[in-house]
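Chains as they are written, first to last, in the working numbering: chain A, 416 to 761; chain B, 416 to 761.
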């Protein structure tokens, strides 16, 4: 059967001041009326029953996550005692799923991605699940680029696996500079979505072979020593720790809309715009404004005569920046007083 | 003796959302730590004792004005039952002062102007007071222009009155378009500050001669019928109603800093700027920002990578506009919901 695990551990400083450590991006309605994590779960429910869905996250947001996912219970959460990257927590999930259902196929999703249409995504997951078993491959989704994005990693596809769309992975490549990104798009590279589908048995075999620094600690989990496991494993992403090491990796191209909503600017792609290209949330009043992204969840915002600005007000903090600087938010945040960046600790 | 009356009836929508009908511009600290009206009174106190100072204003802000002027009492206020322009209320003030001291000289000041240095201003008032008696003239201050401002009226100076600086007024001219403003500056025109000094006796004589539509109703005031007086007089500015009609008008040039703080943009002239030309008030945090005017009196504001913006947050409302649009604020306000423009009525 197909299981779905949802990576929901991100702290999401990129949507500051709306996103905070206790209200990260995946809990925000950045692409509709519901939080991204709720959209993520709703999207797969028609093909994955709720009792085969797991959420991987940290203690701080376990409660808020359950609040927006009424179809799940506390035992659907894998709560990481400390953040160690995606490899240790996905290994934990695969290990537990394999214990219950050795032949399970597991889809690893991100709680904060925007995907549409939902049906096309589900179709692809089902296709990948079958292909991952048939070809014995760890599958990743490679989105066909629609622009020379410099904020994503890319995948260079290799030989076709069979008569279908699936390809071997020739190489994973890092986020490129603009001219290189343009060449990648021209040459048929795919965006690395970080969305995976694999048989849990194959994943654990490959982990044992290529990532012993994690695999050797899995027995701790069988004894319920979760904290000891996370203390023992090194911090590692599943990309670096396994996919870039394994030779049993394949990519499935997709043409549905996929966006990792990496910064405020992305809302112009993920939410509806008005005729002047403005995106608004809450009590936003725009006059002579063009291409602005305005988020008002603490009082009203009036924007007059401005172009391509991000204007945000939430919980006592107002944030203003040109859209093309919104991806550099970390540069701002590191210069702000701590109490402003993280009001819960203030 | 020299008396000072302060025109403080303005409603000041130009500093929305900080200025509202019950907190107009003169009550805001737009040029320092104290409200403009308090600076105005403090400026003349060394030459005009508090008991010879009067404030001309409306009922709505009488109380807030007294709150920021602890040196004055309620009977220092002339409270207009309805706004009828400057001529009726200045006639009322002159009439009352003349009743108590027929030989008084009266300076008419604005509660919302920025002037510096204070000592130069006081020196000029004293000089004008003497000159107004000696030459029997209604004196106005003409500021020597420092830029081709299109937001001010101008004065074309005529013949010198004596060996000093004082000149006859050849003409009052309206706010000019940019090319005309540049010509005015070149040709030695002066900004019409609207700050006047005159012997009350002369003012009332000239009023009787040129503005009978007001002067004929002054006896109502002697019977305490203030409301009847304001019902009877036409709405009229003292410029149009008297100064442009009288031939006994003179202008005294001044070179101190004078600004009527007509829009948010003006704060870059009236408050200190940082090295990047930013002006801030309250909890404003600017990173990579240049030429921005940021007012935070309801929570914090972070501005990142922006140039020449006005960003304001007060009482539940955030306002953002490019500086060069801040003078058009009325265009925005007329399109906003009433409850946002005037929260007291909302």
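Where a beta carbon is used, it is the ideal one built from N, C-alpha and C, also for glycine. Quick caveat: nothing in here was measured; it's all calculated off a predicted structure.
| Query | Result |
| --- | --- |
| Just to confirm, is the Cβ distance from residue 419(A) to residue 524(A) under 7 Å? | yes |
| I need the straight-line Cα distance from residue 652(B) to residue 714(B), nearest angstrom please. | 40 Å |
| Can you name the start and end residues of the alpha helix (DSSP H) that residue 452(A) belongs to? | 451-459 |
| Between which two residues does the beta strand (DSSP E) holding residue 574(A) run? | 569-575 |
| Leaving out five residues before and five after residue 441(A) in sequence, what residues of the same chain have Cβ atoms less than 6 Å from its Cβ? | 423, 451, 452, 526 and 527 |
| Rounded to whole angstroms, what's the CA-CA distance from residue 734(A) to residue 517(B)? Just pull it up for me. | 58 Å |
| Using CA coordinates, which residue listed in 718(B), 554(B), 476(B) and 605(B) is at the minimum distance from residue 434(B)? | 476(B) |
| Identify whether residue 691(A) lies in helix, strand or coil by the three-state DSSP scheme. | coil |
| Hey, would you say residue 694(B) sits closer than 7 Å to residue 708(B), going by beta carbons? | yes |
| Hey, does residue 528(B) have any beta-carbon neighbour from chain A nearer than 7 Å? | no |
| Determine the direct distance from the alpha carbon of residue 678(A) to that of residue 741(A), and round the result to whole angstroms. | 6 Å |
| Tell me, which residues are paired with residue 613(B) by DSSP? | 521(B) |
| Please list, in chain order, the residues of the segment 728-741 of chain A that have any C-beta partner in chain B closer than 7 Å. | 728, 731, 732, 733, 734, 735, 736, 737 and 740 |
| Under 7 Å, Cβ to Cβ, is there at least one residue of chain B near residue 761(A)? | Below a pLDDT of 50, predicted positions are generally treated as unreliable, and residue 761(A), at 46, falls in that range; no measurement from the model is reported. |
| Going along chain A, which residues have a C-beta under 8 Å from residue 717(B)? | 432, 732, 733, 734, 735, 747, 751 and 755 |
| CB-CB under 6 Å to residue 529(A), same chain, minus the five flanking residues each way: which ones, in chain order? | 446, 674, 676 and 685 |
| List, in order along the chain, the chain B residues whose C-beta lies closer than 9 Å to that of residue 377(A)? | Residue 377(A) lies beyond the stretch modelled for chain A, which goes from 416 to 761, so this question has no answer here. |
| Do residue 665(A) and residue 583(A) have their C-beta atoms within less than 7 Å of each other? | yes |
| For the beta strand (DSSP E) containing residue 462(A), list its first residue and its last residue. | Per DSSP, residue 462(A) belongs to no beta strand (DSSP E) and is neither H nor E. |
| Are residue 558(A) and residue 606(A) touching if we call contact CB-CB under 7 Å? | yes |
| Taking contact to mean at least 3 C-beta pairs separated by less than 8 Å, is the segment 646-662 of chain B in contact with the segment 624-634 of chain B? | yes |
| Can you give me the C-alpha to C-alpha distance between residue 484(A) and residue 490(A), rounded to a whole angstrom? | 13 Å |
| Over what stretch of residues does the beta strand (DSSP E) that includes residue 600(B) continue unbroken? | From DSSP, residue 600(B) is part of no beta strand (DSSP E) but of the alpha helix (DSSP H) over 593-601. |
| Between which two residues does the alpha helix (DSSP H) carrying residue 649(B) extend? | No alpha helix (DSSP H) holds residue 649(B); DSSP gives it neither H nor E. |
| Can you give me the C-alpha to C-alpha distance between residue 720(A) and residue 682(B), rounded to a whole angstrom? | 19 Å |
| What do you get for residue 680(A), buried or exposed, if any count of 16 or more other CB atoms within 10 angstroms of its CB means buried? | buried |
| For the structure I just gave you, are there three or more beta carbon pairs, one from the segment 558-574 of chain B and one from the segment 541-548 of chain B, closer than 8 Å? | no |
| Can you tell me whether residue 728(A) is helix, strand or coil according to DSSP? | strand |
| Could you check where the alpha helix (DSSP H) with residue 743(B) kicks off and where it finishes? | That residue, residue 743(B), is in no alpha helix (DSSP H); it is neither H nor E in DSSP. |
| Express the C-alpha separation of residue 754(B) and residue 668(B) in angstroms, rounding to a whole number. | 44 Å |
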